[in-house]
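Residue numbers (the numbering used here): 1 to 76.
The C-beta atom is built at its ideal place from N, Cα and C for all residues, glycine as well.
All values derive from a computational prediction rather than experimental measurement.
Below: one structure, written as structure tokens.
Following this line, the structure appears as structure tokens:
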């Protein structure tokens, strides 16, 4: 197994970036994989924690790692 194969056998949030940066995948395949981020894996878990008002952790910024700023940083 190559390093690229190992990276591709991972969460959609990582897989789409590997496809984009390290493979010759088509733009449509990359877009389809990126769309999975909101529905599966870590991206879906983070989005599920979003409050109805659009924030995470009750604040746009706080000193902890649960604020909206930190979650958006992870989702970028």
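Distance from the CA atom of residue 9 to the CA atom of residue 70, rounded to whole angstroms, is 26 Å. A contact is defined here as three or more CB-CB pairs under 8 Å, and the region 11-23 meets this definition with respect to the region 33-47. Out of 53, 58, 64, 46, the CA that lies nearest to the CA of residue 72 is found in 46. Excluding sequence positions up to five before and after residue 25, its CB lies within less than 7 Å of the CB of 19, all in the same chain and listed in chain order. With 16 or more other Cβ atoms from the protein chains shown falling within 10 Å of its own Cβ, residue 16 counts as buried.
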